[in-house]
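**Q**
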Amino acid sequence: MSSAIFRSLVYIRRQFCDYGVKPLVREEHYLNNQVKRLVLQNPAKRNSLSLAMLTSLKERLEASALEEELRAVIIAADPPVFSAGHEFTELTDNNKDESRAALIQLCTNVMKVIQSLSVPVIGEVRGIAAAAGCQLATSCDVLIAAENAKFSCSGIKVGLFCSTPSVPLSRVLPRKFAFNMLFTGDAVTAREALQYGLVTMLVAEENLKEETLKYAEKFCSLSKPALALGKRFFYSQIELPLDKAYREAELVAAENLRYPDAQEGIRAFLEKRKPRCFKLMATLTELLYLAEYK
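According to full-length UniProt numbering, the sequence shown is numbered sequentially starting from 1.
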């Protein structure tokens, strides 16, 4: 075994094995395991999205797809910041081009996993979310921010255009506002982000975790197959022409009506009662949906 490979294996073991070293991503469970909170916990490095951090986050997100009782995932970070973006020491020319390309691709894959999960993913942001950190926050389905949160794509200020963060930003924000963020590198406040649709809800910093969990609880009484079907369709139809989007919506609606949960919900409405507990089971549709991204 070469010394370089040996050093890499030692590094990985130190990052992911329990030898008294704190893992880079902490996993917490709430509301009878229906809500999972993944916490970036490397504040000394401003929760930078290093290779090890991204690998750990991706593994934990993928594992979430197999948890039948899960209804929501929260991505948070230990204070004072959400994430300052990539670990710059991994982007210098001391690293091979292939290594840097693999790191960027891994970051992209994390964002794709977030969208592919069958349950809503909620970003819980305090402090700065910069560059790839802003990309991570923007890629969440829901974004709850503390009043002190700021969002920036500051790479342009050091000669590095935030190309991958521009993908979710340009799909979420008005074009002129996204362009301004990407081409000036200036940070925007949480209130500005709320005004332009990047942030779902703004809360006091001291209440951030509590309010995020309260929001996540909204999904706990809902049908998981319906959440999975709805999330998949929501993202797939966005780029479609209007007529085609409606045709797809008609097929999805017809499929949804075959779900036992949907029929129980309809009966409950007609009988003027609350739906009985939705089954904690995945339909064939949901299982195929998850398998598509494995």
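Ideal Cβ placement from N, Cα and C applies to all residues, glycine included.
All values derive from a computational prediction rather than experimental measurement.
Using a Cβ-Cβ cutoff of less than 6 Å, which residues in the same chain neighbour S48 once the five nearest sequence positions on both sides are dropped?
**A** Answer for S48: A84, E87, listed in chain order.
**Q** Excluding the 5 residues preceding and the 5 following R191 in the sequence, name in chain order all residues of the same chain whose CB lies nearer than 7 Å to its CB.
**A** Contacts found: L202.
**Q** Identify, in the order they occur along the chain, each residue of the same chain with its Cβ nearer than 6 Å to the Cβ of residue 301, setting aside the five sequence neighbours on each side.
**A** Examination of residue 301 is not possible in this model, given that the chain is present from 1 through 294 alone.
**Q** Would the stretch 204–213 and the stretch 118–137 be scored as touching if the rule is three or more Cβ pairs under 8 Å?
**A** The stretch 204–213, when compared against the stretch 118–137, does touch it at the 8 Å Cβ threshold.
**Q** Quick one: what's got a C-beta closer than 8 Å to E69's C-beta in the same chain, skipping five residues either side?
**A** Closer than 8 Å at the Cβ level, and outside the excluded window around E69, lie N32, N33, Q34, L280.
**Q** Measuring only the C-alpha atoms, how far is Q115 from D141?
**A** For Q115 and D141, the distance between alpha carbons rounds to 8 Å.
**Q** When burial is assigned at 16 or more other CB atoms within 10 Å of the CB, is Q135 buried or exposed?
**A** The residue is buried, with at least 16 neighbouring Cβ atoms inside 10 Å.
**Q** Reducing DSSP to helix, strand and coil, say where G123 ends up.
**A** Correct three-state label for G123: strand.
**Q** Does the Cβ of P43 have 16 or more other Cβ atoms within 10 Å, making it buried, or fewer, making it exposed?
**A** Label assigned to P43: exposed.
**Q** Do the stretch 152–171 and the stretch 182–191 make contact, defined as three or more Cβ pairs closer than 8 Å?
**A** Yes: at least three Cβ pairs fall under 8 Å.
**Q** Secondary structure at A130, three-state DSSP: helix, strand or coil?
**A** Note: A130 maps to strand in three-state DSSP.
**Q** Is it true that the CB of S223 sits closer than 8 Å to the CB of D261?
**A** Closer than 8 Å, so yes.
**Q** Taking the beta strand (DSSP E) that S152 belongs to, which residues open and close that run?
**A** Segment 150–152, the beta strand (DSSP E) holding S152.
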